[in-house]
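Each remark here refers to the structure printed beneath this line.
Number of protein chains: 2
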Amino acid sequence: MTYKLTYFNFTALGEPIRFLLSYLDIDFEDNRIEVEQWPSVKPTIPYGKLPLLEIDGKVLNQSTAICRYLAKKANLAGSDDFESLLIDIAVDNFQDFRLNIISYWYESNEESKAAKYVKLVDETIPYYMERFENIVVENNGYFVNGKLSWADLFFIGILDYLKFRAEIDLLNDRPNLQALREKVLAVPKIKSWIEKRPSTVDIA
Amino acid sequence: MTYKLTYFNFTALGEPIRFLLSYLDIDFEDNRIEVEQWPSVKPTIPYGKLPLLEIDGKVLNQSTAICRYLAKKANLAGSDDFESLLIDIAVDNFQDFRLNIISYWYESNEESKAAKYVKLVDETIPYYMERFENIVVENNGYFVNGKLSWADLFFIGILDYLKFRAEIDLLNDRPNLQALREKVLAVPKIKSWIEKRPSTVDIA
Chain H
14 MTYKLTYFNF
24 TALGEPIRFL
34 LSYLDIDFED
44 NRIEVEQWPS
54 VKPTIPYGKL
64 PLLEIDGKVL
74 NQSTAICRYL
84 AKKANLAGSD
94 DFESLLIDIA
104 VDNFQDFRLN
114 IISYWYESNE
124 ESKAAKYVKL
134 VDETIPYYME
144 RFENIVVENN
154 GYFVNGKLSW
164 ADLFFIGILD
174 YLKFRAEIDL
184 LNDRPNLQAL
194 REKVLAVPKI
204 KSWIEKRPST
214 VDIA
Chain P
14 MTYKLTYFNF
24 TALGEPIRFL
34 LSYLDIDFED
44 NRIEVEQWPS
54 VKPTIPYGKL
64 PLLEIDGKVL
74 NQSTAICRYL
84 AKKANLAGSD
94 DFESLLIDIA
104 VDNFQDFRLN
114 IISYWYESNE
124 ESKAAKYVKL
134 VDETIPYYME
144 RFENIVVENN
154 GYFVNGKLSW
164 ADLFFIGILD
174 YLKFRAEIDL
184 LNDRPNLQAL
194 REKVLAVPKI
204 KSWIEKRPST
214 VDIA
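Heads up: the sequence lines are chains H and P, in that order. Per my numbering, the first sequence runs over residues 14 to 217. Per my numbering, the second sequence runs over residues 14 to 217.
Below, the structure written as structure tokens:
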């Protein structure tokens, strides 16, 4: 089978997919679109959004759905339906958090953008990060049931980008999330991906 | 097992869960919070958002994850991993569409809100609805592979609320989506739910 991932030259929503493809030891084409190419690419793709994964030419959008599919192949999607549910909940909580950061970043009204940033830093980031830290404490160092799942890979995969956009060290005073990050980045297949991946502006 | 759904007195994100619980013939407590109660409820729940489903007292948030879990029990979540992926993609495409409508609705700056509404009506709604209509044509009257899945129940479940917020008949000139709506609402367990559900402002 052939795998072609099309995304921008960022980590962001592409990176959890790259993590999972690497974890699965799948050779994939890592097609990175430059910002200048985007206006000509956008009208040609299903819902005008990236990332896209093409598996044997079948064009698939929606990064969360793609990650879940790859995670099943990697046995990282839960050992029963209830565990899968807990993983899905964790990932959608990350997505809500991400949307708050993105909503600030893409705000075009300068006054609203400044107000959103204050709320983000003073309220939203501490609110979510405190909860994420506590979940990892309650689950023995992982997001769900004390073992590695795609929730962990997803969160650590998008973290650099969120930090880059929020311009804040999200893991400051979150020792359990810091330890989770180190564990995920030490997984051999993830480690070799990190060593060979292209350098991008959103990586600290 | 006991099931308690907590949501506002709207259809919106609660209704796909109510559809699936009804489809499964599960007796559930349909706990509806009035808007005035919300400020006192919000701080007491996991991420300050509804809906929540409590299964035997276990508190679960994230409506998409909950629907997927219930859909597996109902055999509406795909017959293999690839079909499940296509269903998940369809649902996340609906969520992107919903977020566009919500982003207009909750915009606090009046000027930005007016501009968002124009874009919503002239661009976003036709863009998504045309694609949704075409998918149903290509898939013999359903969203995925010519058979009923939770993607159909999810879409039809939130449709009234989206129409209410957008103040537009989203199914105008979309005969295949209209036919899908009629099919879903004619499923006996869904039909009896619709007949007995409380009347809310967002139901046409």
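The C-beta atom is built at its ideal place from N, Cα and C for all residues, glycine as well. It should be emphasised that the depicted structure is a prediction, and the values quoted were computed from it without experimental measurement.
message: Restricting to runs no shorter than 4 residues, where is the alpha helix (DSSP H) found entirely within the region 33-110 of chain P?
response: Those alpha helix (DSSP H) runs which fall completely within the region 33-110 of chain P and span 4+ residues are 51-54, 76-86.
On the CB-based measure, 16 or more other CB atoms within 10 Å of its CB, does residue 29 (chain H) come out buried or exposed? So residue 29 (chain H) ends up on the buried side.
Quick test of the definition: if touching needs 3 or more C-beta pairs under 8 Å, does the region 117-132 of chain H touch the region 82-94 of chain P? As far as the Cβ criterion goes, the region 117-132 of chain H does not touch the region 82-94 of chain P, which means the pair count is below three.
Report task. Verify whether the separation of the beta carbon atoms of residue 155 (chain H) and residue 184 (chain H) is less than 8 Å. Result -> Remark: C-beta atoms of residue 155 (chain H) and residue 184 (chain H) do not approach each other more closely than 8 Å.
Mind listing the chain P neighbours of residue 78 (chain H)? Cutoff is C-beta to C-beta under 7 Å, in chain order. Result: 98, 101, 102, 105.
Margin query: Could you check whether residue 137 (chain P) and residue 104 (chain P) sit closer than 8 Å to each other, using their CB atoms as the reference points?
Written below: Taking 8 Å as the Cβ cut-off, residue 104 (chain P) and residue 137 (chain P) do not qualify as a contacting pair.
- prompt: Out of curiosity, what's the CA-to-CA distance linking residue 74 (chain P) and residue 57 (chain P)?
  reply: Cα to Cα, residue 74 (chain P) sits roughly 13 Å from residue 57 (chain P).
| query | Any Cβ of chain A within less than 8 Å of the Cβ of residue 135 (chain H)? | reply | You won't find chain A in this structure, because its protein chains are H and P.
Show which residues of chain H have a CB atom less than 7 Å away from the CB atom of residue 85 (chain P). Neighbours of residue 85 (chain P) on chain H, chain order: 94.
- Message: In this structure, how does DSSP classify residue 16 (chain P) when only helix, strand and coil are distinguished?
- Response: Looking at residue 16 (chain P) - three-state DSSP - the assignment turns out to be strand.
ask   = Apart from the five residues just before and just after residue 202 (chain H), which ones in its own chain have a Cβ nearer than 7 Å to its Cβ?
value = Within the same chain, residue 202 (chain H) has close Cβ partners 35, 36, 38.
Euclidean distance between Cα positions of residue 152 (chain P) and residue 189 (chain P):
Each residue's Cα considered, the two are about 10 Å apart.
By Cβ distance below 7 Å, which residues in the same chain neighbour residue 72 (chain P) in space, the five residues on each side in sequence not counted?
Answer for residue 72 (chain P): 59, 65, listed in chain order.
- When burial is assigned at 16 or more other CB atoms within 10 Å of the CB, is residue 88 (chain P) buried or exposed? Classification for residue 88 (chain P): exposed.
Worksheet item: Got a sec, what are the start and stop residues for the alpha helix (DSSP H) residue 188 (chain H) sits in?
Response: Run containing residue 188 (chain H): 188-199, per the alpha helix (DSSP H) assignment.
Short of 8 Å Cβ to Cβ, which residues in the region 43-63 of chain H face chain P? For the region 43-63 of chain H, which is checked against every Cβ of chain P, the residues closer than 8 Å are 59, 60, 61, 62.
Worksheet item: When Cβ atoms are compared, which residues of the region 114-131 of chain P fall closer than 7 Å to chain H?
Response: Within the region 114-131 of chain P, the residues whose Cβ lies closer than 7 Å to some Cβ of chain H are 122, 125, listed in chain order.
Margin query: Can you find the residues in the same chain that come closer than 7 Å, C-beta to C-beta, to residue 45 (chain H), ignoring five residues on each side of it along the sequence?
Written below: Closer than 7 Å at Cβ, skipping near neighbours: 20, 21, 22.
**Report entry** Below-8 Å beta-carbon distance, residue 69 (chain H) vs any chain P residue
**Finding:** Closer than 8 Å: no.
Does residue 149 (chain P) come out as helix, strand or coil in the three-state DSSP assignment? Reduced to three states, the DSSP call for residue 149 (chain P) is helix.
Minimum Cβ-Cβ distance from residue 109 (chain H) to chain P less than 8 Å
Residue 109 (chain H) counts as touching chain P.
- Query: Name the chain P residues that come within less than 8 Å of residue 144 (chain H), Cβ to Cβ?
  - Reply: Contacts between residue 144 (chain H) and chain P, judged by CB atoms closer than 8 Å, involve 59, 60 in chain order.
- Rounded to whole angstroms, what's the CA-CA distance from residue 205 (chain P) to residue 14 (chain P)? Just pull it up for me. Residue 205 (chain P) and residue 14 (chain P): Cα-Cα distance of roughly 22 Å.
Worksheet item: Should residue 74 (chain P) be flagged as near chain H, meaning a C-beta pair shorter than 8 Å?
Response: Yes, contact with chain H.
Identify which residue in H:62, H:117, H:52 has its Cα closest to the Cα of residue 26 (chain H).
Nearest C-alpha to residue 26 (chain H): H:62.
Could you tell me which chain H residues have their CB closer than 7 Å to the CB of residue 81 (chain P), listed as they occur along the chain?
Going along chain H in sequence order, the residues near residue 81 (chain P) (Cβ under 7 Å) are 101.
Range of the contiguous alpha helix (DSSP H) that encloses residue 160 (chain H)
Judged by DSSP secondary structure, residue 160 (chain H) falls outside any alpha helix (DSSP H); it is assigned neither H nor E.
**OP:** Out of P:179, P:50, P:163, point me to the one whose CA is closest to residue 216 (chain P)'s CA.
**Re:** It is P:179.
### Message
In this structure, how does DSSP classify residue 23 (chain H) when only helix, strand and coil are distinguished?
### Response
Three-state result, residue 23 (chain H): coil.
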